[in-house]
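S.K.: Quick one: the structure is below, questions incoming.
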Amino acid sequence: MSKIKRENVEPINEQESPATKKVKVETVDTASESNCIDVNGATRIKSKEGHVLYKCRQLISNIKNSLAKQKKDKCKETLDNWKKDLEELEKQLIIPKVTIAVVGATGAGKSSLINAVVDQFSVLPTSGTQACTSVVVKIENNEDGEQYEADIEFLSREEWQKEYDVLIKDMTKNDGTMKNNRPDEQSEAGVAFLKMRAVYGQFSSLSDLKGENDITSHLGTMKHFKSKRYFLYSHINTPSSFQLQEFRCNIEKYIISTEEEGQHLWPIIKSVTIRIPNFFTGCTLVDLPGVGDANAARDRIAQEHLENCSNILVVAEVHRAFSSKIAKELMGESFRRQLFMDGNYSSDNIAFVCTKNDHLNCTELTRELKLDKNAKMMSLKNESDKLRKALNTTVPENERFQIEKHLSQTQQAMKVICGRARSEKARKQLKEDYKSGLRDMKRFAKQGIDEDDEDEDDNNDDDNNDDNLRVFCVSSNDYQCLKEVNEPPTVFDNVEDTEIPKLRKWISEMVERKKQAATELLMFNLGLFLNEIKNYLTENDFEFKDDSEIVKSEVEKVCKELQQELQNTSVKLLYELRKEISKTENNLAKGVRSAEETAVAVCKNWDELYKWQSYKAAVNRYGVYKSRSVGKIDFNYQLVSPLIISILIRWTDFFNDDLWKILNNYNDIILDKTIRVYISKLSDKVKAYIPPPQLERLKERINVNAWQKLHNRIDELKDFVDSRQRQIHRLSSPKIQVELLNLMWIS
Numbered sequence: 015m016s017k018i019k020r021e022n023v024e025p026i027n028e029q030e031s032p033a034t035k036k037v038k039v040e041t042v043d044t045a046s047e048s049n050c051i052d053v054n055g056a057t058r059i060k061s062k063e064g065h066v067l068y069k070c071r072q073l074i075s076n077i078k079n080s081l082a083k084q085k086k087d088k089c090k091e092t093l094d095n096w097k098k099d100l101e102e103l104e105k106q107l108i109i110p111k112v113t114i115a116v117v118g119a120t121g122a123g124k125s126s127l128i129n130a131v132v133d134q135f136s137v138l139p140t141s142g143t144q145a146c147t148s149v150v151v152k153i154e155n156n157e158d159g160e161q162y163e164a165d166i167e168f169l170s171r172e173e174w175q176k177e178y179d180v181l182i183k184d185m186t187k188n189d190g191t192m193k194n195n196r197p198d199e200q201s202e203a204g205v206a207f208l209k210m211r212a213v214y215g216q217f218s219s220l221s222d223l224k225g226e227n228d229i230t231s232h233l234g235t236m237k238h239f240k241s242k243r244y245f246l247y248s249h250i251n252t253p254s255s256f257q258l259q260e261f262r263c264n265i266e267k268y269i270i271s272t273e274e275e276g277q278h279l280w281p282i283i284k285s286v287t288i289r290i291p292n293f294f295t296g297c298t299l300v301d302l303p304g305v306g307d308a309n310a311a312r313d314r315i316a317q318e319h320l321e322n323c324s325n326i327l328v329v330a331e332v333h334r335a336f337s338s339k340i341a342k343e344l345m346g347e348s349f350r351r352q353l354f355m356d357g358n359y360s361s362d363n364i365a366f367v368c369t370k371n372d373h374l375n376c377t378e379l380t381r382e383l384k385l386d387k388n389a390k391m392m393s394l395k396n397e398s399d400k401l402r403k404a405l406n407t408t409v410p411e412n413e414r415f416q417i418e419k420h421l422s423q424t425q426q427a428m429k430v431i432c433g434r435a436r437s438e439k440a441r442k443q444l445k446e447d448y449k450s451g452l453r454d455m456k457r458f459a460k461q462g463i464d465e466d467d468e469d470e471d472d473n474n475d476d477d478n479n480d481d482n483l484r485v486f487c488v489s490s491n492d493y494q495c496l497k498e499v500n501e502p503p504t505v506f507d508n509v510e511d512t513e514i515p516k517l518r519k520w521i522s523e524m525v526e527r528k529k530q531a532a533t534e535l536l537m538f539n540l541g542l543f544l545n546e547i548k549n550y551l552t553e554n555d556f557e558f559k560d561d562s563e564i565v566k567s568e569v570e571k572v573c574k575e576l577q578q579e580l581q582n583t584s585v586k587l588l589y590e591l592r593k594e595i596s597k598t599e600n601n602l603a604k605g606v607r608s609a610e611e612t613a614v615a616v617c618k619n620w621d622e623l624y625k626w627q628s629y630k631a632a633v634n635r636y637g638v639y640k641s642r643s644v645g646k647i648d649f650n651y652q653l654v655s656p657l658i659i660s661i662l663i664r665w666t667d668f669f670n671d672d673l674w675k676i677l678n679n680y681n682d683i684i685l686d687k688t689i690r691v692y693i694s695k696l697s698d699k700v701k702a703y704i705p706p707p708q709l710e711r712l713k714e715r716i717n718v719n720a721w722q723k724l725h726n727r728i729d730e731l732k733d734f735v736d737s738r739q740r741q742i743h744r745l746s747s748p749k750i751q752v753e754l755l756n757l758m759w760i761s
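Taking this note's numbering, the leading residue of the sequence shown gets 15, the next gets one more, and so forth.
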């Protein structure tokens with residue numbers, strides 16, 4: 015359901031500052047600012063930025079100061095109500111952030127992509143040979159200045175102890191002795207050895223993995239880094255580049271997962287928050303390498319971000335986009351169902367990013383994409399062949415230089431054609447597979463469920479909306495080359511062709527849309543509040559007439575009748591809501607029976623799906639494990655999957671459509687057929703005591719206030735319901751996990 019539309023206001027470009035809650039941290043800093051961390055999920059707008067919001071803040075502050083000076087003898091109740099209204103308006107000065115989760119396969123180039131998007135090419139470490147990022151990394155704008163800052167949160171001792179116990183089990187034979195000290199690094203034991211070696215150094219027995227050391231001393235702490243200020247200017251090394259180089263060196267060891275010998279911090283890092291200057295205000299990018307991380311604490315953080323994020327970027331290398339099932343493979347079955355129930359499985363919330371579009375082979379792509387039928391491509395190829403032949407002949411040195419230059423330009427033009435053609439092919443493939451996956455998911459969910467709409471054409475869903483699915487085929491390296499001018503680009507010689515600017519624009523639109531809506535709501539409500547004060551001050555004369563008691567009596571009678579009528583309407587509303595909810599409950603009952611009937615078969619299937627070591631690792635982690643060999647294992651979700659499938663369609667329809675249709679319908683009934691009727695009735699009874707112009711303005715004031723309160727309440731309810739329904743439909747797997755854990759303890 016979309017929010018209520020209100021009159022447009024001028025565009026805004028406000029800055030925000032961290033929320034006021036602070037926590038004590040360990041500081042590594044040479045700057046003088048206070049060291050505090052923004053631990054809230056919202057930002058407060060700076061008064062010096064954002065003309066509209068700044069004016070609203072000033073106005074609210076002035077009114078609060080004026081009300082504080084008023085005597086409460088005659089109008090205490092009115093003043094108290096106004097103060098409560100001002101508190102609500104102050105809350106609307108806090109703009110919720112747009113959180114964009116960046117998910118994708120290991121080695122897909124997420125770190126390089128994020129560096130390009132934030133226009134800071136060394137913020138996150140990158141590697142051409144291995145995946146670098148091992149923890150959840152949040153990137154947001156630094157509202158306090160032009161410096162780079164980072165907060166490194168370590169696992170608590172309790173969280174590491176749980177991880178430690180599991181790793182010891184992975185490394186232990188059935189007889190209690192340690193396994194081979196050089197196991198396959200792709201195996202569960204191999205992963206455990208790498209983590210333990212990183213934390214405790216070289217070891218020869220399990221007894222060596224005990225006690226406190228320089229690494230474990232960080233458990234339960236938080237580090238805060240802030241870059242130094244530099245004032246050395248040149249055409250290459252700006253203050254920003256000096257700061258970034260030093261900052262990168264400081265935080266690199268906390269982010270990179272390395273298999274090199276020696277002790278390392280990455281296994282005990284919980285999350286990293288980086289604040290950089292000149293990023294999108296009000297936006298947080300979250301790199302989630304650990305969706306399904308073997309570490310429970312990091313996996314929990316990743317899942318929380320997915321639950322609360324407003325948008326998702328799914329990242330994959332561009333060559334993978336040619337797969338016929340790429341969208342399904344990238345997101346996974348359980349992930350897609352989760353997004354669908356969240357109401358996020360739509361082109362408004364998801365975008366795909368195909369990386370490494372500057373990695374290409376013209377010969378292969380010409381064959382695969384049938385570019386030999388492209389007239390321009392063939393013309394360039396013929397020109398290239400002629401130039402190559404010319405180079406094989408004896409020509410003067412200056413002429414050879416011109417031929418080589420022309421050949422390079424021709425080959426570059428051929429690469430651009432190949433890159434653009436591959437982008438279009440990838441875009442088309444992803445859009446088709448995305449729509450196909452949505453239809454398949456709905457069709458599968460409807461199997462065996464007797465619903466009124468079961469026979470509807472699956473292609474008649476609102477899939478056409480997903481023709482607007484955004485797919486960005488980006489070239490992060492070429493973008494960096496073109497922006498930094500340090501070396502020639504590999505393929506694209508135009509920044510726009512790298513599609514990084516398009517992706518930045520998409521992010522900017524997401525952020526500005528939320529700011530615009532929040533600002534419009536604030537201005538609308540503030541305007542109504544000011545109008546209420548004005549009306550009170552200018553139209554309060556009738557309260558002092560001799561017949562004011564008569565008016566008061568009539569108002570009380572009509573209000574009592576109105577209250578009863580609203581109570582009757584509420585009963586009807588609850589009945590209709592329960593009727594809709596019962597449809598979900600019916601499907602849920604069928605899903606429970608289906609889950610009970612298939613549980614044994616699901617468990618038996620694990621023997622065929624997983625090797626013993628993977629199975630054991632999953633059991634040690636209470637059913638959830640990310641295996642290097644087979645991917646994510648989730649026994650709990652597999653057991654509860656029939657239940658989820660049974661309610662998939664009804665749940666999504668109810669919480670994202672039907673519920674709001676019902677509420678909006680009753681909202682109209684209350685406004686048009688209830689409140690207006692009783693206002694008219696009251697008007698007839700008191701018109702003898704109040705002048706007509708004043709009475710008409712009073713009626714309009716009551717109508718507008720009623721409209722405001724009801725629509726604001728629905729907006730608030732939408733936010734609350736969205737949050738709660740996402741939490742609730744995620745409870746089934748943890749519940750199964752708890753019940754199975756109880757059975758383990760009993761047995």
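Idealized CB from N, CA, C, for every residue including glycine.
(1) Could you give the C-beta distance for A404 and I417, rounded to a whole number, given that I count them as a contact under 8 Å?
(2) Would you list the residues sitting across from T186 in a DSSP beta bridge?
(3) With a 10 Å radius around its C-beta and 16 neighbouring C-beta atoms as the bar for buried, classify F458 as buried or exposed.
(4) Which of the three DSSP states is assigned to C89 in this structure?
(5) When DSSP labels each residue in this structure, what does A365 get in the three-state scheme?
(6) If you run the structure through DSSP and keep just helix, strand and coil, what is S125?
(7) Only counting the same chain, and skipping five residues up and downstream in sequence, which positions put a Cβ closer than 8 Å to that of T583?
(8) Tell me, which residues are paired with D762 by DSSP?
(9) Compute the Euclidean distance between the alpha carbons of N473 and R453, then round it to the nearest angstrom.
(10) Cutting at 7 Å between CB atoms, please list the residues of its own chain near C376, excluding the five before and the five after it.
(11) Rounded C-beta distance between V150 and H319? I'm assuming under 8 Å.
(12) For T380 and E347, I'd like the C-alpha separation in whole angstroms.
(13) For the beta strand (DSSP E) that contains P110, what are its first and last residues?
(14) Quick check: the Cα distance between V691 and C573, rounded to an integer number of angstroms?
(15) On a CA-only basis, which of V644, K625, R289, D648 is nearest Y636? Give me that one, please.
(16) Output the residue ranges of the alpha helix (DSSP H) runs that lie fully inside the segment 361–440 and measure 4 residues or longer, sorted by chain position.
(17) Looking only at its own chain, which residues have a Cβ that is under 7 Å from the Cβ of S201, when we skip the five neighbours before and after it?
(18) To the nearest angstrom, how far is it from the Cα of R740 to the Cα of I661?
(19) Just the Cα atoms here: how many angstroms apart are R350 and S360?
(20) Output the distance between the C-alpha atoms of I51 and V328, rounded to the nearest integer angstrom.
(21) I'd like to know whether the C-beta atoms of G123 and K439 end up nearer to each other than 9 Å.
(22) Put G346 into one of helix, strand or coil per three-state DSSP.
(23) Specify whether the segment 584–604 and the segment 659–678 touch according to this definition: at least 3 beta carbon pairs, one from each stretch, less than 8 Å apart.
(24) Could you check how far apart the C-beta atoms of G296 and I109 are, in whole angstroms? I think they sit under 8 Å.
(25) Kindly confirm or deny that the segment 696–704 and the segment 601–614 touch, where touching means at least three C-beta pairs closer than 8 Å.
(26) Could you tell me the alpha carbon to alpha carbon distance between S746 and C323, rounded to whole angstroms?
(27) Can you list, in chain order, the residues of its chain with a C-beta nearer than 7 Å to that of V3? Leave out the 5 residues immediately preceding and following it.
(28) Could you work out which residue in Q425, D165, L536 is closest to V286 when comparing CA atoms only?
(29) Residues in the same chain with beta-carbon distance under 6 Å from N549, minus the five sequence neighbours each way, listed in chain order, please.
(30) Could you tell me which whole alpha helix (DSSP H) segments of length 4 or greater appear in the segment 482–526?
(31) Do L107 and I74 have their CB atoms nearer than 9 Å?
(32) Going by DSSP, which residues form a beta bridge with D154?
(33) Between which two residues does the alpha helix (DSSP H) holding K618 run?
(34) Hey, out of E498, R484, I595, whose CA is closest to S136's CA?
(35) Sorted by chain position, which residues of the same chain lie with C-beta nearer than 7 Å to I100's C-beta, five sequence neighbours on each side aside?
(36) D648 by DSSP, collapsed to three states: which one?
M.R.: Well, looking at it:
(1) Residue 404 sits at position 390 when you count from the first residue of the sequence shown. Residue 417 sits at position 403 when you count from the first residue of the sequence shown. Between I417 and A404 the Cβ distance is about 5 Å, and since that is below 8 Å, they are a contact.
(2) One-based indexing of the sequence shown puts residue 186 at position 172. Answer is M192, bridged to T186.
(3) Locating residue 458 in the sequence shown gives position 444, counting from the first residue. By the 10 Å Cβ count, F458 comes out exposed.
(4) Position 75 of the sequence shown, counting from 1, holds the residue named residue 89. C89: coil per DSSP, three-state reduction.
(5) Here the question's residue 365 lines up with position 351 in the sequence shown. Three-state DSSP puts A365 in a strand.
(6) To locate residue 125, count along the sequence shown from 1; it is residue 111. Three-state DSSP puts S125 in a helix.
(7) Translated into the one-based positions of the sequence shown, residue 583 becomes position 569. Counting only Cβ-Cβ distances below 8 Å, and skipping sequence neighbours, we find Y680, I683, I684, T688.
(8) The requested residue 762 is not part of the displayed model; the chain covers only 15 to 761.
(9) Residue 473 sits at position 459 when you count from the first residue of the sequence shown. Residue 453 sits at position 439 when you count from the first residue of the sequence shown. Because N473 carries a pLDDT of 48, less than 50, the predicted location of this residue cannot be relied on, and the following value inherits that uncertainty. Distance from the CA atom of N473 to the CA atom of R453, rounded to whole angstroms, is 7 Å.
(10) Residue mapping note: residue 376 aligns to position 362 of the sequence shown, counting from 1. Cβ neighbours of C376 beyond the five flanking positions: M428, K429, C432.
(11) Translated into the one-based positions of the sequence shown, residue 150 becomes position 136. Translated into the one-based positions of the sequence shown, residue 319 becomes position 305. The pair is a contact, with the Cβ atoms about 7 Å apart (cut-off 8 Å).
(12) Working through the sequence shown from its first residue, we reach residue 380 at position 366. Working through the sequence shown from its first residue, we reach residue 347 at position 333. Those two C-alpha atoms are separated by around 34 Å.
(13) Within the sequence shown, the letter at position 96 stands for residue 110. Where P110 is concerned, the enclosing beta strand (DSSP E) stretches over 108–110.
(14) Here residue 691 refers to the residue found at position 677 of the sequence shown. Here residue 573 refers to the residue found at position 559 of the sequence shown. Going by the C-alpha atoms only, they are around 12 Å apart.
(15) Working through the sequence shown from its first residue, we reach residue 636 at position 622. Among V644, K625, R289, D648, the Cα nearest to that of Y636 is on D648.
(16) Whole alpha helix (DSSP H) segments, 4+ residues: 376–382, 389–405.
(17) For the purposes of this step, residue 201 is identified with residue 187 of the sequence shown, where counting begins at 1. Here the set comprises Q627.
(18) On the sequence shown, residue 740 is found 726 positions in, with the first residue counted as 1. On the sequence shown, residue 661 is found 647 positions in, with the first residue counted as 1. Roughly 14 Å separates the two Cα atoms.
(19) Here residue 350 is taken as the residue at index 336 of the sequence shown, counted from 1. Here residue 360 is taken as the residue at index 346 of the sequence shown, counted from 1. It is roughly 11 Å from the alpha-carbon of R350 to the alpha-carbon of S360.
(20) By one-based count along the sequence shown, residue 51 stands at place 37. By one-based count along the sequence shown, residue 328 stands at place 314. Residue confidence for I51 is low, a pLDDT of 29 falling below 50, so the modelled location carries little weight and cannot support an answer.
(21) The residue labelled residue 123 in the question sits at position 109 within the sequence shown. The residue labelled residue 439 in the question sits at position 425 within the sequence shown. In this structure, K439 does not lie closer than 9 Å to G123 by Cβ.
(22) Taking the sequence shown and counting its residues from 1, one reaches residue 346 at position 332. Three-state result, G346: coil.
(23) yes
(24) Taking the sequence shown and counting its residues from 1, one reaches residue 296 at position 282. Taking the sequence shown and counting its residues from 1, one reaches residue 109 at position 95. Going by Cβ atoms, the distance from G296 to I109 rounds to 6 Å, so yes, they are a contact pair.
(25) no
(26) Residue numbering aside, residue 746 sits at position 732 when the sequence shown is read from its first letter. Residue numbering aside, residue 323 sits at position 309 when the sequence shown is read from its first letter. One C-alpha to the other measures close to 20 Å.
(27) With the chain represented from 15 up to 761, any question about residue 3 goes unanswered, as that position is not in the structure.
(28) For the purposes of this step, residue 286 is taken as residue 272 along the sequence shown, with counting starting at 1. Nearest of Q425, D165, L536 to V286, Cα basis: D165.
(29) Here residue 549 refers to the residue found at position 535 of the sequence shown. Same-chain partners within the cutoff: R715.
(30) 490–498
(31) Taking the first residue of the sequence shown as 1, we reach residue 107 at position 93. Taking the first residue of the sequence shown as 1, we reach residue 74 at position 60. Against a cut-off of 9 Å, the Cβ pair of I74 and L107 comes out as a contact.
(32) Against the sequence shown, residue 154 aligns to sequence position 140. Note on identity: in this sequence residue 154 is Glu, with Asp being the wrong assignment. For E154, which the question treats as bridged, DSSP gives the partners R289, T298.
(33) Residue mapping note: residue 618 aligns to position 604 of the sequence shown, counting from 1. Here the alpha helix (DSSP H) through K618 covers 562–623.
(34) The residue given as residue 136 occupies position 122 in the sequence shown. Residue E498 is the option with its Cα nearest to S136.
(35) Position 86 of the sequence shown holds residue 100. With the sequence shown as reference, residue 100 is identified as Leu, and Ile is not the correct amino acid for it. Correct list, in chain order: I74, I77, K78.
(36) Counting from 1 along the sequence shown, the entry for residue 648 is found at position 634. Of the three classes helix, strand and coil, the one that applies to D648 here is strand, per DSSP.
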